[in-house]
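**Student:**
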Amino acid sequence: MTASVQKLALALALSFTLTTARAQTVASPDTAPLLTTVEQKLAEGPAGARFGVLVTTLDGEVLVAIAPDQRFIPASNTKMFTTAIAYAELPLLQQTAKGTGVRLENNGGGAVDVVLHGRGDALLSSADDCKVDCLQGLADAVAGKTQRVRNIVGDDSWFPDERWSPGMSWNNIPSRYGTGVSALTLDDNELVIKVRPGAIGAGASVEASGYFTIENLVTTVAGAAEDIDAFRMPNSLTLRLTGTIGAATAPLTLRYGIDDPAHYAAWRFGELLRARGVRVSGTIDVHHRPLTAADDPVNRKGAPALLPAEPAMLAELPAPSLAANMIRINKESQNLHTELMLRRVARQGGSGSIADGQAVMRKVMTEAGLPATGYYFADGSGMSSYNRISPRGAVRLLSWIARQPWGIAWRETLPIAGRDGTLQKRFKGTLLEGKLFAKTGSLNASRALSGYLTTRSGRTLVFSVLANDMPDGTDDQATAAVDRALVAIAEAL
């Protein structure tokens, strides 16, 4: 990164709505031509779309402002806020972080149960090539102690049982983007399925782990295209695949969400134990902590949450690096990991509930100077349609982050235009390639991009551009209009 980027000095914010009257805009005589240019670029987007853009310096100088307090569904721009409060609390979070643990529970008569304890670790893996944070290490510990167990229990009571946030569309639940949130997380709580074409007119072949029952109705057709749909009712272990796959198509890897991650982790642990010669004679069970009124800090009236004590573990994995995980969260826009980060924050003095996370969010955003109307979050990742931010709220957050001791480290978690993450394919060949660092956002009829950019003159700006209410099928047009507007800003300043 260049020194000019590291010395972050300017916050740029505009807010624009194609359906909003020009009287709502604010611009100085010097920036009026830029405002007109931005309006023209955004007008090339889909008719009926609602845009917001806000540009200011860190010292408060307004370059362009158009309806800066309108509220938008932010999609994954929500992750900026979640990772910001996590960075603000990071020293304590990392100090108290724990890895996944396992213990043996003797129930009399020589019967031993295995209990797998999740502690919110987003990186736990059981992949064959796993080298760090591997469930296999815990299986080795159990196999070294006993060759015979009865039940295997997945215990995710480290957090209350809130697998989905308010406002998340139910149809996202079967997808990898809507997988259940649990303190016992394994392999990103995704079921991996490989699909290969057969002979033309014959069914495709499907390879999966066996956790789901797969109803394979995919047919092989001529060509190299694929059109596969998946359907699974919530809490069902039956996944139905329909559609077609071209005979010339390379094998596909598909990923689907898991509704009860603690159950899946316990099931997978049983597979690993059997591979080590351990006889498993019982069933796969789970231990959830039901969400109660005590998980809301309002009901506790400021008192800390009373959490049950954990018994001693047979073995524990090291705590993961939370800072490293935030790079993946923002670069890849990883939903599950963000939700787990919010709940980790919520467990500092709280119960790990969404409500406790919202309380920490309000505290930190007040310190950052955000107005209460500038944001509202029902989740940590941006999958909830209840979430709202304003361009002013986003810009104030980014400006505040830039003044924090951890501001540069946080900014380095953002995707880089034309280079990596969710911006890898955007701004290629433009002035902003390699010079824009921002969080993307994508949800139904919602697109967002907020972050930092460097202009032609070398000035570093902070910006937030939000788009909502695009007609169906026009989201890409809105994204292209936003990108053109940002390039125009960078060229002009």
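Number 158 in my numbering belongs to position 128 of the sequence shown; there are no gaps in the numbering.
We put the beta carbon where it would ideally sit given N, CA and C, even for glycine.
1. The beta strand (DSSP E) with V512 in it runs from where to where?
2. Name the one or two DSSP bridge partners that G233 has.
3. Per DSSP, H317 is paired with what?
4. For the beta strand (DSSP E) holding T112, just list the boundary residues, first then last.
5. Quick check: the Cα distance between Y15 and L372, rounded to an integer number of angstroms?
6. DSSP three-state label for V390, please.
7. Any C-beta of chain C sitting closer than 8 Å to the C-beta of D289?
8. Run through DSSP, which three-state label would M413 get?
9. In terms of alpha-carbon separation, which member of Q434, L483, E256 lies closest to G448?
10. Specify the secondary structure class of F407 as computed by DSSP and reduced to three states.
11. What did DSSP end up calling I357 once you bin it into helix, strand or coil?
12. For a quick check, are the C-beta atoms of R426 and A402 less than 8 Å apart?
13. In terms of alpha-carbon separation, which member of P421, G503, T209, I182 lies closest to D289?
14. Beta-carbon within less than 6 Å of G410's beta-carbon, same chain only, minus the 5 sequence neighbours each way: which residues are those?
15. Give me the Cα-Cα distance between E91 and L491, rounded to the nearest whole angstrom.
16. Please go through the same chain and pick out, in chain order, the residues whose beta-carbon is closer than 6 Å to the beta-carbon of I357, but skip the five residues on each side of it.
17. Quick check on R52: does DSSP put it in helix, strand or coil?
18. Reducing DSSP to helix, strand and coil, say where N137 ends up.
19. Could you give the C-beta distance for Q163 and L347, rounded to a whole number, given that I count them as a contact under 8 Å?
20. Let me know the secondary structure DSSP gives L221 once reduced to three states.
21. I need the DSSP call for G528, collapsed to helix, strand or coil.
22. So if DSSP puts L491 in a beta bridge, which residue, or which two residues, is it bridged to?
23. Rounded to whole angstroms, what's the CA-CA distance from T86 to P63? Just pull it up for me.
24. Just the C-alpha distance for A522 and R486, rounded to the nearest angstrom, thanks.
25. By the 10 Å Cβ neighbour count, where 16 or more other Cβ atoms means buried, how is M263 classified, buried or exposed?
26. What is the C-beta distance between A232 and V248, in whole angstroms, given that I count them as a contact (C-beta under 8 Å)?
27. For R206, verify whether its CB is less than 7 Å away from any heavy atom of the ligand SAH.
28. Ignore the nearest five residues each way along the sequence and tell me which others in A57's own chain have a CB closer than 6 Å to its CB.
29. In terms of alpha-carbon separation, which member of R392, V251, S363, G167 lies closest to S155?
30. Taking only the alpha-carbon atoms, compute the straight-line gap between A450 and R456 and give it to the nearest angstrom.
31. Report yes if the CB atom of L216 is closer than 8 Å to the CB atom of L271, and no otherwise.
32. Within 8 Å, do at least three Cβ pairs link the region 142–158 to the region 452–466?
33. Return yes when the Cβ of A478 is within less than 8 Å of the Cβ of P104, no when it is not.
34. If you draw a straight line from the alpha carbon of L337 to that of Q177, how long is it in whole angstroms?
35. Does the beta-carbon of K331 have 16 or more other beta-carbons within 10 angstroms, so that it is buried, or is it exposed?
36. Whose CA, out of S383, V375, S381, G412, lies closest to the CA of V394?
**Tutor:** With the structure as the only source:
1. Indexing the sequence shown from 1 puts residue 512 at position 482. Unbroken run through V512 is the alpha helix (DSSP H), 505–522; no beta strand (DSSP E).
2. Translated into positions along the sequence shown, residue 233 becomes position 203. In the DSSP output, where bridge partners are listed per residue, G233 has T249.
3. Working through the sequence shown from its first residue, we reach residue 317 at position 287. Looking at the DSSP assignment, H317 forms a beta bridge with D185.
4. As a working mapping, residue 112 is identified with position 82 in the sequence shown. Note, T112: premise wrong, no beta strand (DSSP E); alpha helix (DSSP H) at 108–118.
5. Residue 15 cannot be examined here, being either before or after the span of the chain that is shown, 31 to 523.
6. What you label residue 390 is simply residue 360 of the sequence shown in a count that begins at 1. Three-state result, V390: helix.
7. Absence of chain C from the displayed structure is noted, only one protein chain being present.
8. Here residue 413 is taken as the residue at index 383 of the sequence shown, counted from 1. Looking at M413 - three-state DSSP - the assignment turns out to be coil, as it is neither helix nor strand.
9. As a first step, residue 448 must be located in the sequence shown, where it is residue number 418. It is L483 whose Cα lies nearest to the Cα of G448.
10. As a position in the sequence shown, residue 407 is number 377, starting the count at 1. Three-state result, F407: coil.
11. Looking up residue 357 in the sequence shown gives position 327. Three-state DSSP puts I357 in a helix.
12. Residue numbering aside, residue 426 sits at position 396 when the sequence shown is read from its first letter. Residue numbering aside, residue 402 sits at position 372 when the sequence shown is read from its first letter. Contact flag unset, no.
13. Position 259 of the sequence shown, counting from 1, holds the residue named residue 289. Selected option, being the one with the closest Cα: T209.
14. Along the sequence shown, read from residue 1 onward, the residue named residue 410 stands at position 380. Correct list, in chain order: T112, T368, E369, L372.
15. As a position in the sequence shown, residue 91 is number 61, starting the count at 1. As a position in the sequence shown, residue 491 is number 461, starting the count at 1. Roughly 12 Å between the two C-alpha positions.
16. By 1-based counting over the sequence shown, the position of residue 357 is 327. Around I357: T443.
17. On the sequence shown, position 22 is the one that residue 52 refers to. Unreliable positioning characterises R52 in this predicted model, as indicated by a pLDDT of 31, which lies under 50. The coordinate reading is nonetheless provided below. Looking at R52 - three-state DSSP - the assignment turns out to be helix.
18. Counting from 1 along the sequence shown, the entry for residue 137 is found at position 107. Three-state result, N137: coil.
19. On the sequence shown, position 133 is the one that residue 163 refers to. On the sequence shown, position 317 is the one that residue 347 refers to. Per the sequence shown, residue 163 should be read as Asp rather than Gln. Right, the Cβ-Cβ distance comes to about 6 Å (below 8 Å), so this counts as a contact.
20. Numbered from its first residue, the sequence shown carries residue 221 at position 191. Three-state result, L221: strand.
21. Residue 528 cannot be examined here, being either before or after the span of the chain that is shown, 31 to 523.
22. Counting from 1 along the sequence shown, the entry for residue 491 is found at position 461. L483.
23. Translated into positions along the sequence shown, residue 86 becomes position 56. Translated into positions along the sequence shown, residue 63 becomes position 33. The alpha-carbon atoms of T86 and P63 are separated by roughly 16 Å.
24. The residue given as residue 522 occupies position 492 in the sequence shown. The residue given as residue 486 occupies position 456 in the sequence shown. Their Cα atoms are separated by approximately 7 Å.
25. Here residue 263 corresponds to residue number 233 of the sequence shown, with the count starting at 1. Classification of M263: exposed, given that the 10 Å Cβ count is below 16.
26. Indexing the sequence shown from 1 puts residue 232 at position 202. Indexing the sequence shown from 1 puts residue 248 at position 218. Contact doesn't hold; Cβ gap of about 10 Å is too wide.
27. Absent from the structure shown: the ligand SAH. Ligands present: none.
28. Residue 57 sits at position 27 when you count from the first residue of the sequence shown. Residue placement at A57 is flagged as unreliable, the pLDDT there being 49, under the threshold of 50; a coordinate-derived value is accordingly withheld.
29. The residue given as residue 155 occupies position 125 in the sequence shown. Here the closest residue by C-alpha is G167.
30. In the sequence shown, the residue the question calls residue 450 occupies position 420. In the sequence shown, the residue the question calls residue 456 occupies position 426. One point to set straight first is that residue 450 is Asp, not Ala, in the sequence displayed. So the two alpha carbons sit approximately 10 Å from each other.
31. The sequence position of residue 216 within the sequence shown is 186, counting from 1. The sequence position of residue 271 within the sequence shown is 241, counting from 1. No; because the gap between Cβ atoms is not below 8 Å, this pair is not in contact.
32. no
33. Numbered from 1 along the sequence shown, position 74 holds the residue referred to as residue 104. Numbered from 1 along the sequence shown, position 448 holds the residue referred to as residue 478. It is a contact, given that the beta carbons lie within the stated cut-off.
34. On the sequence shown, residue 337 is found 307 positions in, with the first residue counted as 1. On the sequence shown, residue 177 is found 147 positions in, with the first residue counted as 1. Computed Cα separation, rounded: 33 Å.
35. Start at 1 with the first residue of the sequence shown, and residue 331 comes out as number 301. Exposed, because fewer than 16 other Cβ atoms sit within 10 Å of the Cβ of K331.
36. Taking the first residue of the sequence shown as position 1, residue 394 is located at position 364. For the residues S383, V375, S381, G412, the minimum Cα distance to V394 belongs to V375.
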